[in-house]
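This report refers to the structure that appears directly beneath it.
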Amino acid sequence: MQLMKPIPNLQLISLLYRSPAKDPAHQQHNQILTRLNNLEAGFYGEEQVAYQLRYLPKGKFKILHNIRLSYQNLHFQIDFLLLSPHFHLILEVKNIIGELDYDPVFQQLVWTKIDGTRMGLGNPISQAQLQKRQFTNWLKKYNLPIAPIYYLSVMSNPKTILKTSPNHQGISKLIIHKHSLLQRIENLLIGQTNESISKNDVTKIARKIKKKNEPLFLDVLSKYNFTKRDMQGGVQCLQCKTLPIPKKENRTIWNCPACGIVPHHSYESAITDFVLLYTRHFSNKELREFLGLTSASTVYKLLKKMDIQTVGRKHIFPVENIQKFAQKDFINE
Ligand SMILES: [Zn+2]
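The opening position of the sequence shown corresponds to residue 972 in the numbering used here, with each subsequent residue numbered one higher.
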């Protein structure tokens, strides 16, 4: 399965391209880049786990990635959800390097980093219970049938060392290495031979989750104390990253003077940057100002080409478009 990069990663990439923090000398450059690198490491870990999941028996599971649902106004996020008629499995993925030690007395996971600093990562047992309870409540709320729910915390980095005292090996039922994941899922299937719900039920649950999924959007501007005025608008050349590049007269295409090309998907990517930095609901005027255009009908034509919905005077940008057109990496020349 091809994973979609999470929205917060894409937001920080847009911020680095369009804010003053693009400059490596800017005081917030390193802070934003470090945050982005952490998110990217997390996503890389998820890609590693997705690679393992490809080896599951075909058609046995519906696999959903990076879902965020709400129950009683509280959001909960699941890295991977495997749905089947036999059981559901919640996977939490951690990509960390160092040593993880389960302390049974205080019921906490202690992470010792390579440089020797230590950090508490909470209680994995109560985290598992909480996630199971939240998902069960969510299913009940929509009158969806319930199969047994299991939870595993998967360490995606083979360099992570897992430790606990000999009397508390039960924790290994919850925390595993990526390489044990397939074996563990097969064991669950052996222990749960009866189907608890039908295949149709599984399809119904997956459809409802996709409909109710609320991907996380950060308010990146206020988080890093920028204003709209700080942002560099216009269309960016996707090849050489020149920003802004001019539009061809009387056409809805942009031409890069630096590398002499008309970059494919350049205006779609610029509109996506606008959405990632500001809002998914916007007016023609707001977008026009950002793109540096004067004609409302040009902007209207661009939105039409992208199949963007319009409700009243506002346009609504679909999440799928964000993941399709956003720039996936930050490359600083
Ligand atoms: Zn260029």
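Ideal placement from N, C-alpha and C gives every residue a C-beta, glycine not left out.
Using DSSP with H/G/I as helix, E/B as strand and the rest coil, what is residue i?
i	result
F1131	The residue you asked about is not Phe; residue 1131 is Thr in the sequence shown. T1131 falls in the coil class under three-state DSSP.
R1178	helix
V1282	strand
R1155	helix
G1141	helix
D1300	coil
I1216	strand
K1084	coil
K1256	helix
H1236	coil
I1224	coil
G1162	helix
G1091	strand
D994	coil
Kindly list the residues whose CB is nearer than 7 angstroms to the CB of residue i, restricted to its own chain and excluding five residues on each side of it in sequence; keep chain order.
i	result
S1041	E1185
K1183	L1040
K1112	Y1042
E1239	M1277 and F1296
S1055	K1031, F1032 and V1173
Are the Cβ atoms of residue i and residue j separated by less than 7 angstroms?
i	j	result
L1004	F1032	no
I1068	K1134	no
T1250	A1297	no
I1287	Q1294	no
R1284	S1254	yes
L1080	L1092	yes
S990	F1197	yes
S1127	Q1023	no
L1153	Y1026	yes
I1034	I1180	no
I1117	L1110	yes
D1050	L1062	yes
L1060	A1021	no
F1245	L1258	yes
I1132	P1095	no
Who are the Cβ neighbours of residue i in its own chain at under 6 angstroms, not counting the five residues just before and after it?
i	result
Q999	A992 and Y1195
K1084	G1069
L1115	I1176
Enumerate in chain order the residues of its own chain whose CB-to-CB distance from residue i is below 8 angstroms, with the five nearest sequence positions on each side excluded.
i	result
Q982	F1188, L1189, V1191, L1247 and L1248
K976	F1014, Q1294, A1297 and K1299
N1226	I1216, P1217, K1218, K1219, I1232 and V1233
Spell out the partners DSSP gives residue i in its beta bridges.
i	result
S1041	H1046
D1074	Q1079
F1051	H1036 and L1062
I1146	S1124
I1287	H1252 and Q1280
R1200	DSSP output for R1200 lists no bridge partner at all.
V1206	I1216
Pick out every residue whose C-beta is nearer than 7 angstroms to a heavy atom of ligand 1: which are they, in chain order? C1208, Q1210, C1211, T1213, I1216, C1227, A1229, C1230, I1232 and P1234
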